[in-house]
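What follows is a single structure, written as structure tokens, with notes after it.
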Amino acid sequence: MQKYDLVVIGSGPAGKTAAIQAAKLERKVAIVDGMAEVGGVCVHTGTIPSKTLRETVLNLTGWRERGFYGRSYRVKQDITAEDLMQRLHMTLHREVDILEDQLVRNNVEILCGHGRFTGEKELEVKTPDGEILELTSERFVITVGTRTYRPDDVPFNGVNIVDSDEVTRMKKLPRSLTVIGAGVVGVEYATIFKVLDINVTLIEPRESMLDFVDKETLMHFRHDIMDAGLRMHFGQKVVKIESRDDESCVVHLESGRAFASDMVLFAAGRVGATDKLGLEHCGLKSDHRGRLKVNERFQTASPHIYAAGDVIGFPSLASTSLEQGRIAALHALDEPVHKPPKFFPYGIYAVPEMSTVGMTEEEVIARKIPYEVGVTPLRETSRGKVMGLDSGMLKTIFSTKTRRLLGVHIVGEGATELIHIGQAVLTLKGTLDYFLENAFNYPTLAEAYKVAALYAHNRMAALAPDSHGKKPAPQISPTKSPRKTAQKTA
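Quick note: the sequence shown uses the working numbering, first residue 162, plus one each step.
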């Protein structure tokens with residue numbers, strides 16, 4: 162039986178950072194993963210494949226250039242599934258190679274096989290060739306991530322009725338697609354396939370979508386995807402999915418309406434991949450969605466076992482999982498630990514992409530914080546004109562009492578990159594004055610922060626007379642009122 166100081170189960174973002182952090186502290190570490198290669202769901206079926214697919218689609222279709230050359234513009238006329246998979250496989254191979262190198266360089270022992278607890282501090286690993294390895298450790302970190310939710314009444318076949326893991330292995334592009342579930346995954350895939358000029362229908366049993374996103378920002382996003390031709394149906398539950406002999410699929414709703422398409426993508430949720438871990442042998446029990454409950458130290462009900470990443474639930478982001486894994490390992494080894502970040506960006510890699518950090522306008526109102534908003538259409542920045550953008554917006558929210566930045570919400574090209582400026586200012590408790598007093602590269606989309614701040618400043622100044630009872634002169638704004646323009650667009 163091999164003995165380790167720490168055993169990490171799962172090699173996704175949380176598992177990788179947990180193992181490397183422990184190894185850098187000169188502990189003997191093993192990382193166990195049931196897949197043939199390291200990387201977990203993030204690399205093989207989730208984050209990296211979907212984002213690679215998105216980038217490939219945008220490049221091959223010429224989507225980013227259509228603002229200049231029209232909607233009929235294409236880089237490649239006949240795009241096939243093989244075109245998409247070629248770049249995907251290249252990207253995944255490079256990602257796995259880098260991850261393996263990082264683990265090996267830090268003396269982390271990689272064990273490929275399914276891990277299962279056989280005791281409180283014992284783990285059994287069954288390798289692909291049938292060999293059984295027995296491990297023991299004083300500390301464990303569970304980072305197994307999630308798997309797709311697959312209800313028994315959905316006739317998955319891996320061909321034309323698929324889940325979000327299987328869609329990246331398709332052999333043929335459908336002419337029409339029905340996506341069930343308007344969460345982050347469903348929305349991302351629905352909009353990506355729409356860029357390929359595939360007829361896409363998005364069905365959500367709830368009355369709304371992406372409820373954590375600022376409502377005004379979401380309004381702009383919905384306008385953009387509807388303008389692109391994506392059909393959305395809310396508040397209608399799916400009662401039956403059938404696959405016909407002609408290889409088509411039909412989705413039946415409780416309202417009596419039905420939709421026929423070449424393919425159905427079921428993307429209504431994920432569950433923790435804990436069902437085969439043998440949790441009963443180590444004193445743990447998952448909830449109804451397979452997730453593990455942890456405290457602020459990422460410690461489970463068994464004090465020597467920690468958990469991090471998607472398996473513990475919200476926010477279920479690769480970015481936050483990277484930090485959670487590192488922090489969990491430090492706690493497990495009784496080492497000094499920094500606090501988890503208070504502000505983290507949420508990225509939705511749809512077309513267009515969205516990103517948000519801090520409070521939404523609805524949250525600010527609920528907390529009764531006096532505030533002002535600055536909004537800039539990205540198309541009205543100089544870089545936006547150079548890029549040919551015809552949509553997108555950046556929204557900032559400031560406290561009128563302290564002038565501190567409260568939240569940033571972006572929809573449009575580059576949103577997931579631009580958001581980090583707002584994240585930094587939020588974390589450092591920065592104010593509106595940072596944007597007013599600092600220079601931004603010109604032309605850039607980041608200039609939208611300064612424009613939005615100028616509008617917010619002028620509105621705040623109009624309401625606050627100076628010591629002589631006069632209103633201060635407004636700052637010069639480089640564009641016309643974005644708030645009115647945005648409302649007209651919506």
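Positions of the beta carbon are idealized from the N, C-alpha and C atoms, including for glycine.
Check                                                                                                                                                          : Outcome
What is the DSSP secondary structure of Ile-170, counted as helix, strand or coil?                                                                             : strand
Could you please give me the residues that DSSP links to Cys-273 through a beta bridge?                                                                        : Asp-194
What does the Cβ neighbour count give for His-629, buried or exposed, with the cut at 16 atoms within 10 Å?                                                    : For His-629, the predicted structure reports a pLDDT of 49, less than 50, and the residue's modelled location is therefore unreliable. A value from the coordinates is still provided. With fewer than 16 other Cβ atoms within 10 Å, it is exposed.
Find out if the Cβ-Cβ distance for the pair Tyr-165, Val-190 is shorter than 8 Å.                                                                              : yes
By alpha-carbon positions, which one of Glu-441, Glu-368, Ile-364 and Lys-562 ends up nearest to Phe-420?                                                      : Ile-364
What number of angstroms, rounded off, separates the C-alpha of Ser-298 from the C-alpha of Ile-466?                                                           : 10 Å
Look at the alpha carbon of Pro-210 and the alpha carbon of Leu-624, and state the distance between them as a whole number of angstroms.                       : 50 Å
Gly-474 by DSSP, collapsed to three states: which one?                                                                                                         : coil
Helix, strand or coil: how does DSSP classify Arg-323 here?                                                                                                    : This sequence places Val at residue 323; Arg is not what is there. Strand, per DSSP.
My output table needs one value for Phe-117: the three-state DSSP class, helix, strand or coil.                                                                : Because residue 117 is not part of the residues shown, which for the chain are 162 to 651, the question remains open.
Per DSSP, which one or two residues make a beta bridge with Gln-182?                                                                                           : Answer is none; Gln-182 lacks a bridge partner.
Which complete beta strand (DSSP E) runs does the stretch 317-400 hold, if anything under 3 residues is left out?                                              : 322-324, 337-341, 360-365 and 392-395
Looking at the secondary structure, which residues open and close the alpha helix (DSSP H) in which Phe-504 lies?                                              : Premise fails: Phe-504 is in no alpha helix (DSSP H) and is neither H nor E.
Between which two residues does the beta strand (DSSP E) holding Met-515 run?                                                                                  : 515-519
Do Ala-469 and Ser-477 have their C-beta atoms closer together than 8 Å?                                                                                       : no
For Ile-509, which option in Leu-589, Asp-436 and Asp-372 has the closest C-alpha, if you only look at C-alpha atoms?                                          : Asp-372
Is the CB-CB distance between Leu-264 and Glu-496 below 8 Å?                                                                                                   : no
Compare the C-alpha of Asp-551 against each of Leu-338, Tyr-234, His-499 and Gly-573 and name the closest.                                                     : Gly-573
Quick check: the stretch 537-544 against the stretch 599-608, are at least 3 beta-carbon pairs closer than 8 Å?                                                : yes
Just list the residues that DSSP pairs Gly-115 with in beta bridges.                                                                                           : Since the first and last residues shown for the chain are 162 and 651, residue 115 lies out of range.
CA-CA distance, Val-612 and Lys-282?                                                                                                                           : 57 Å
What are the boundary residues of the alpha helix (DSSP H) that includes Thr-435?                                                                              : Looking at the DSSP string, Thr-435 is not in any alpha helix (DSSP H), and its letter there is neither H nor E.
Pop quiz: Lys-177 and Gly-486 are said to be a contact at Cβ under 8 Å. What is the actual Cβ separation, rounded to whole angstroms?                          : 7 Å
Candidates Met-548, Ala-490 and His-570: which alpha carbon is nearest Gly-519's?                                                                              : His-570
Is Met-548 helix, strand or coil when you go by DSSP?                                                                                                          : helix
Can you find at least 3 beta carbon pairs, one from the stretch 325-341 and one from the stretch 414-428, that sit closer than 8 Å?                            : yes
State buried or exposed for Thr-461, treating a residue as buried only when at least 16 other CB atoms are found within 10 Å of its CB.                        : buried
Using a Cβ-Cβ cut-off of 6 Å (strictly less than) and excluding sequence neighbours within five positions of Pro-506, which residues of its own chain qualify? : Ser-516, Val-518, Ile-580 and Gln-584
For Asp-262, is the classification buried or exposed, using 16 other Cβ atoms within 10 angstroms of its Cβ as the cut-off for buried?                         : exposed
Out of Phe-301, Glu-327 and Val-302, which has the shortest C-alpha to C-alpha gap to Arg-308?                                                                 : Glu-327
If you follow the beta strand (DSSP E) that Gln-163 is in, where does it begin and where does it stop?                                                         : 163-165
Measuring CA to CA, which of Ala-576, Leu-566 and Glu-578 is closest to Leu-593?                                                                               : Leu-566
Grab the span of the beta strand (DSSP E) containing Glu-283 for me, first residue to last.                                                                    : 283-287
What span of residues does the alpha helix (DSSP H) with His-465 cover, start to end?                                                                          : First-last for His-465: undefined, no H or E at that position.
Flag this pair as yes or no: are the beta carbons of His-384 and Thr-279 separated by less than 8 Å?                                                           : no
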